[in-house]
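Chemist: Please read through the structure below; I'll follow up with questions.
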Amino acid sequence: MAYIRTKKINNHLYAYLVESLSTPSGPRQKVKQYLGRIYQFDKTENVQQTNFGKTKESIINALVTSELCSRKFKKKDDFIENKSLIYSQKSLTLSKKSKSKNKKEAIIKLNEGFLCSFTIQRILSFKKGKDIKKDGLKLAKYFFEAGLQIPKEQFVLFYQMIK
5 MAYIRTKKIN
15 NHLYAYLVES
25 LSTPSGPRQK
35 VKQYLGRIYQ
45 FDKTENVQQT
55 NFGKTKESII
65 NALVTSELCS
75 RKFKKKDDFI
85 ENKSLIYSQK
95 SLTLSKKSKS
105 KNKKEAIIKL
115 NEGFLCSFTI
125 QRILSFKKGK
135 DIKKDGLKLA
145 KYFFEAGLQI
155 PKEQFVLFYQ
165 MIK
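For the sequence shown, counting from 1, position 131 maps to 135 in my numbering; every step adds exactly one.
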């Protein structure tokens, strides 16, 4: 089971994907992937999203757009950006602008989860299993870990779109 762990280095928070392994001497954690620096923005207003669309990607984009716009991000063309962070609605990625023109991975702490390219892709690449109850709980957990609050009707619609 993999989860996101945060570390504080030089007063900045960084996130890592960590997997638990059991050994004879007890459980150990192994870092699987560096996810990026964590940024926090205070929620200033409630932006309700009403147009969710008909695809999984459009539902995710609508949820992310409403969360980011409620934290003073500005929408420009196919991007939603703040001073240094960019969310691409086409590629569904979150990155940090840098002077060297190459984008770095970034994470935004939303609600009780972490929004990043990894958590978005994990939701989009979710596959159905044989047990609907387990699948529903797992998918809900993925939305929760990404910090996205999805209405019940949209959750059911999203689950029905999964193959």
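For glycine and all other residues, C-beta sits at the position ideal for the given N, C-alpha and C.
#1: Evaluate Ala150 with the Cβ neighbour count: other Cβ atoms within 10 Å of its Cβ, from every protein chain shown; 16 or more gives buried, anything less gives exposed.
#2: Specify the secondary structure class of Phe118 as computed by DSSP and reduced to three states.
#3: Report all residues from its chain with a CB closer than 8 Å to the CB of Leu161; omit the five preceding and five following residues, and keep chain order.
#4: I'd like the span of the beta strand (DSSP E) that includes Phe83, first residue to last.
#5: Can you give me the Cβ contacts of Ile90 inside the same chain, cut-off strictly under 7 Å, excluding the 5 residues immediately before and after it?
#6: Buried or exposed: which applies to Ser121, given that a residue is buried once 16 or more other Cβ atoms fall within 10 Å of its Cβ?
#7: Which full runs of the alpha helix (DSSP H) of 4+ residues lie inside the region 6–75, going along the chain?
#8: With a threshold of 7 Å between beta-carbons, can Ala110 be considered close to chain D, or not?
#9: Could you check the C-alpha separation between Gln37 and Ile111 for me, to the nearest Å?
#10: Could you spell out where the beta strand (DSSP E) holding Lys80 opens and where it closes?
#11: If we ignore side chains and look at the alpha-carbon of each, how far apart do Arg238 and Thr59 end up?
#12: Do you know how far the Cα of Lys76 is from the Cα of Glu157?
#13: Which residue from Asp46, Lys94, Ile42 puts its Cα closest to that of Cys73?
#14: Contact defined as beta carbons within less than 8 Å: I believe Ile166 pairs with Phe130. What is the distance between those atoms, to the nearest angstrom?
#15: Does Ala19 pass the burial test, meaning 16 or more other C-beta atoms within 10 Å, or should it be called exposed?
#16: Which term fits Ala66, buried or exposed, when burial requires 16 or more other beta carbons within 10 angstroms of its beta carbon?
#17: Is Gln33 near Lys113, with beta carbons less than 7 Å apart?
Modeler: This is what the structure gives:
#1: buried
#2: strand
#3: Phe56, Ile63
#4: 83–85
#5: Phe83, Ser99, Lys101
#6: With 16 or more other CB atoms across the displayed protein chains lying within 10 angstroms of its CB, Ser121 is buried.
#7: 60–73
#8: Note that chain D does not occur in the displayed structure, where there is just one protein chain.
#9: Whole-angstrom Cα-Cα distance: 13 Å.
#10: 78–80
#11: Not covered by the structure: residue 238. The range shown for the chain is 5 to 167.
#12: 27 Å
#13: Asp46
#14: 6 Å between Cβ atoms; contact.
#15: buried
#16: Taking a 10 Å sphere around the C-beta of Ala66, we find 16 or more other C-beta atoms and assign the residue as buried.
#17: no
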